[in-house]
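Q: Residue 90 is where the sequence shown starts when you use the numbering used here, and the numbers rise one by one after that.
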Amino acid sequence: MKDILKIKNVKARKEHICSWCGGVINKGEFYENSTVVNDGSFYIWKAHLKCNELTHKLDMWDCDDGDGLTSDDFGNCVLEFLYRELNDEEYEKITEKDLDEVIDIVLQML
Numbered sequence: 090m091k092d093i094l095k096i097k098n099v100k101a102r103k104e105h106i107c108s109w110c111g112g113v114i115n116k117g118e119f120y121e122n123s124t125v126v127n128d129g130s131f132y133i134w135k136a137h138l139k140c141n142e143l144t145h146k147l148d149m150w151d152c153d154d155g156d157g158l159t160s161d162d163f164g165n166c167v168l169e170f171l172y173r174e175l176n177d178e179e180y181e182k183i184t185e186k187d188l189d190e191v192i193d194i195v196l197q198m199l
């Protein structure tokens, strides 16, 4: 079972890696910093604000079984959304881009 102890938006003092997309959170960029305990393990989850926004807009949390969502779940949900919304040619064209660019495209589509 996962427990979120603290969530806050902070301004990055150095580069970090987004726990959702694996992209860089740049110095000076605001991001969400969550303190989490899962099955006795403590960790910090850092995420782009736009990645968090996307988790809610795509209702990814409906798939949470109590253990939380992984970066793989995130990527799969994004791809599933695109697959449902686009024809094969459009899907292939968009999914060749890097995930950061794909996230921006999906947010524009919603």
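For every residue, glycine included, the Cβ atom is placed at its ideal position computed from N, Cα and C. Predicted model, so just to flag it, every value in this text is computed and none were measured.
Kindly indicate the opening and closing residues of the alpha helix (DSSP H) around Asn141.
A: Against the sequence shown, residue 141 aligns to sequence position 52. Unbroken alpha helix (DSSP H) run through Asn141: 138-146.
Q: Nearest-angstrom Cα distance between Leu91 and Asn127?
A: Locating residue 91 in the sequence shown gives position 2, where the first residue counts as 1. Locating residue 127 in the sequence shown gives position 38, where the first residue counts as 1. Sequence inspection shows Lys at residue 91; the Leu mentioned does not correspond to that position. Near 4 Å, if we compare the C-alpha coordinates of Asn127 and Lys91.
Q: Can you tell which of Gly157, Asp189, Lys182, Met198 has its C-alpha closest to the C-alpha of Ile93?
A: Taking the sequence shown and counting its residues from 1, the one referred to as residue 93 is at position 4. Among Gly157, Asp189, Lys182, Met198, the Cα nearest to that of Ile93 belongs to Gly157.
Q: If you draw a straight line from the alpha carbon of Tyr180 to that of Val195, how long is it in whole angstroms?
A: The residue given as residue 180 occupies position 91 in the sequence shown. The residue given as residue 195 occupies position 106 in the sequence shown. Rounded to the nearest angstrom, the two C-alpha atoms are 12 Å apart.
Q: With H, G and I counted as helix, E and B as strand and the rest as coil, what does DSSP make of Thr159?
A: Within the sequence shown, the letter at position 70 stands for residue 159. Reduced to three states, the DSSP call for Thr159 is coil.
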